[in-house]
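Novice:
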Amino acid sequence: MKIKALPLDDNINGWSAIIPARQVKKILRGHVRADWLVIGAGYAGLAFARRVAENHPDKQVVIIDAAMTGESASGRNSGFAIDLPHNIGSSTAELEKAANYRRLLQAGIAQLDALIHRHQIECDWHRSGKYHCIVRPERDGLLAQYADELQALDEPYQRLEGKSLAQNLGTDYYHAAIYTPSCVLLNPAALVHGLVDSLPDNVTLYEKSPALEINTGRDVHVRTPYGEVRAGQLMVATNGCARQLAPFSNQLVGLSTFATLTEPLTAEQQQRIGNIAAWGMTPANAIAGATLRYTCDHRFLIRQHVKYVPDYTVTALRTTPLVVQHRQIFLSRFPQLADVQIAHTWSGMISVTRNGAPGWGKYGDNVYAAVGCNGAGISKQTVAGSTLADLATGVDNPLIADMLALGKPNYIPPRPFLDLGVQGSILKERWLGRKEY
């Protein structure tokens, strides 16, 4: 099967730009043989490769990725390692599924936390918690519902509003928030760099080596621009780009989100907002609203705007208008910081499924996949990769049952019907959330 389109974010990833520059480690050239081939060096692919290598130190694992480490979606997100599902629900079935997700997300965070401490990975990893905010008082019912759901899961939380919320965030823009304490904030590009640099010795990563053709059978044969890989087993971790592969052609939708980082605040600028601690907040409406962070190095991150990208491509032309839009969002919250400059604006892709279930499991005699992250990929895809590796290598892991309980993605129609449906859904959410903007 030939791969017709490769992902492209034609802009500089702000997270990578603020950490030491990295050189390409190795490009695949010539003929390579491995026991396992992993396509995609994001959280799922890296976790899968690491666990297979640990379970079978005598096996050789090869990872190929189309980009440099940290430059794909895994390094371009907002840097939230989410510990709780966004949508919980109140029925018995919904609460059971939420409990599945919670165990998985918290296991993913625990795995990453252990690796970060073992290998001394510097990525600004900090358990700061998360604020789930509303702008308008009339949306207060959303927070009340979320609080009820957290109580049903016996999860600690705090409701904040007015002066107490403004003191924590440095702005009185938000009406109220639910604060949960266990979300981790981080620099995702730095985390991916550290995960790659700490891979076991029997794992080899080839960067800037996209899969151009994939053939499966008794053996797996994958062609890249300058070489090829033959392996006994294949694991696909290309998220939205997996839509080009037969098992996922009617399951995945590719979206792009956009983010901005400011320059660091000076000491005097920090005083204007009260010398607050680092924080992260998510909006009541994820499509229309803006996600914000105040980082430990005194920058603001603004993530807002979702775009349908069936061709997996975001050009610089598409990104440029978001610089102005994000600055307007920033100034609406922090008018006292009008002299703070924008440093970087970039895009990053996610894949979603119709029902929120992941594409996860065994898809052939020697083919496995973990795709369709539906957002919150840092913790979610880490545990998806490690549990899939245990499934593939016959290692008992109780979290496998939790992954299976999430179900399979629902059918989505082909283009152009898909295009109309996705674009219509985005427009609807923007309209419904226009007052939370």
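If you want my numbering, it's the position in the sequence shown, counting the first as 1, plus 20.
Every residue gets a Cβ at the ideal spot worked out from N, C-alpha and C, and that includes glycine.
Could you tell me whether the Cβ atoms of S36 and G99 are closer together than 7 Å?
Specialist: Here residue 36 refers to the residue found at position 16 of the sequence shown. Here residue 99 refers to the residue found at position 79 of the sequence shown. Against a cut-off of 7 Å, the Cβ pair of G99 and S36 comes out as no contact.
Novice: Please classify A396: does DSSP put it in a helix, a strand, or coil?
Specialist: Taking the sequence shown and counting its residues from 1, the one referred to as residue 396 is at position 376. It is coil, neither helix nor strand.
Novice: So, helix, strand or coil for H139, using DSSP?
Specialist: Taking the sequence shown and counting its residues from 1, the one referred to as residue 139 is at position 119. H139 falls in the helix class under three-state DSSP.
Novice: For the candidate residues A310, A197, A164, whose alpha-carbon lies nearest to that of Q324?
Specialist: In the sequence shown, the residue the question calls residue 324 occupies position 304. Per the Cα distances, A310.
Novice: Is R49 buried or exposed, if buried means 16 or more other CB atoms sit within 10 Å of its CB?
Specialist: Working through the sequence shown from its first residue, we reach residue 49 at position 29. That one is exposed.
Novice: Take every Cβ of the segment 276–288, pair it with every Cβ of the segment 351–368, and state whether three or more of those distances are shorter than 8 Å.
Specialist: With the cut-off at 8 Å, the segment 276–288 and the segment 351–368 touch.
Novice: What span of residues does the alpha helix (DSSP H) with S352 cover, start to end?
Specialist: As a working note, residue 352 is residue 332 in the sequence shown. Where S352 is concerned, the enclosing alpha helix (DSSP H) stretches over 336–353.
Novice: In whole angstroms, give me the CA-to-CA distance for P245 and A86.
Specialist: Here residue 245 refers to the residue found at position 225 when the sequence shown is read from its first residue. Here residue 86 refers to the residue found at position 66 when the sequence shown is read from its first residue. Answer to the nearest angstrom: the Cα atoms are 10 Å apart.
Novice: Closest by CA to D359, which one among E283, A197, G384?
Specialist: Your numbering for residue 359 matches position 339 in the sequence shown. Comparing Cα positions, the closest option is E283.
Novice: Measuring alpha carbon to alpha carbon, tell me which of Y199, S111, T191, P157 ends up nearest P176.
Specialist: Locating residue 176 in the sequence shown gives position 156, counting from the first residue. Per the Cα distances, Y199.
Novice: Can you grab the Cα-Cα spacing for the pair V204 / Y151, in whole Å?
Specialist: To locate residue 204, count along the sequence shown from 1; it is residue 184. To locate residue 151, count along the sequence shown from 1; it is residue 131. V204 and Y151: Cα-Cα distance of roughly 12 Å.
Novice: Would you kindly work out how many angstroms separate the C-alpha atoms of M255 and L66, rounded to a whole number?
Specialist: As a first step, residue 255 must be located in the sequence shown, where it is residue number 235. As a first step, residue 66 must be located in the sequence shown, where it is residue number 46. Distance between the alpha carbons of M255 and L66: 11 Å.
Novice: Kindly indicate which three-state DSSP category T407 falls into: helix, strand or coil?
Specialist: Within the sequence shown, numbered from 1, the residue matching residue 407 stands at position 387. Correct three-state label for T407: helix.
Novice: Could you give the DSSP three-state label for R53: helix, strand or coil?
Specialist: Taking the sequence shown and counting its residues from 1, the one referred to as residue 53 is at position 33. Strand at R53.
Novice: I need the straight-line Cα distance from H241 to A297, nearest angstrom please.
Specialist: Mapped onto the sequence shown, residue 241 falls at position 221. Mapped onto the sequence shown, residue 297 falls at position 277. Distance between the alpha carbons of H241 and A297 is about 50 Å.
Novice: List the residues that DSSP assigns as beta-bridge partners of S367.
Specialist: As a position in the sequence shown, residue 367 is number 347, starting the count at 1. In the DSSP output, where bridge partners are listed per residue, S367 has F278.
Novice: How would you write the range of the beta strand (DSSP E) that E74 sits in, first residue to last?
Specialist: Working through the sequence shown from its first residue, we reach residue 74 at position 54. Counting along the chain, E74 falls outside any beta strand (DSSP E), though it belongs to the alpha helix (DSSP H) covering 63–75.
Novice: What ranges does the beta strand (DSSP E) occupy inside the segment 230–293, keeping only unbroken runs of at least 3 residues that lie completely in it?
Specialist: Entirely contained in the segment 230–293, the beta strand (DSSP E) runs reaching 3 residues are, in chain order, 233–235, 240–244, 247–256, 273–282.
Novice: Can K448 and R156 be called in contact, C-beta distance under 7 Å?
Specialist: In the sequence shown, residue 448 corresponds to position 428, counting from 1. In the sequence shown, residue 156 corresponds to position 136, counting from 1. Contact flag unset, no.
Novice: Relative to the alpha-carbon of Q253, which residue among A69, N31, G34 has its alpha-carbon at the smallest distance?
Specialist: Working through the sequence shown from its first residue, we reach residue 253 at position 233. Taking only the C-alpha atoms, the option nearest Q253 is A69.
Novice: When DSSP builds the beta bridges, which residues end up paired with V372?
Specialist: Here the question's residue 372 lines up with position 352 in the sequence shown. Per DSSP, V273.
Novice: Under the rule that 16 or more other beta-carbon atoms within 10 Å means buried, what is W380, buried or exposed?
Specialist: As a working note, residue 380 is residue 360 in the sequence shown. Buried: at least 16 other Cβ atoms inside 10 Å.
Novice: From D55 to E248, what does the alpha carbon distance come to, in whole angstroms?
Specialist: Indexing the sequence shown from 1 puts residue 55 at position 35. Indexing the sequence shown from 1 puts residue 248 at position 228. The alpha-carbon atoms of D55 and E248 are separated by roughly 14 Å.
Novice: Assuming N270 and I432 make a contact with CB atoms under 8 Å, what is their CB distance in whole Å?
Specialist: Start at 1 with the first residue of the sequence shown, and residue 270 comes out as number 250. Start at 1 with the first residue of the sequence shown, and residue 432 comes out as number 412. Going by Cβ atoms, the distance from N270 to I432 rounds to 6 Å, so yes, they are a contact pair.
Novice: Taking the C-alpha atoms as reference points, what is the distance between L185 and I398?
Specialist: Counted from its first residue, the sequence shown places residue 185 at position 165. Counted from its first residue, the sequence shown places residue 398 at position 378. Taking the straight line joining both Cα atoms gives about 27 Å.
Novice: Pull the bridge partners of Q178 from the DSSP assignment, please.
Specialist: Numbered from its first residue, the sequence shown carries residue 178 at position 158. BP columns for Q178 point to Y199.
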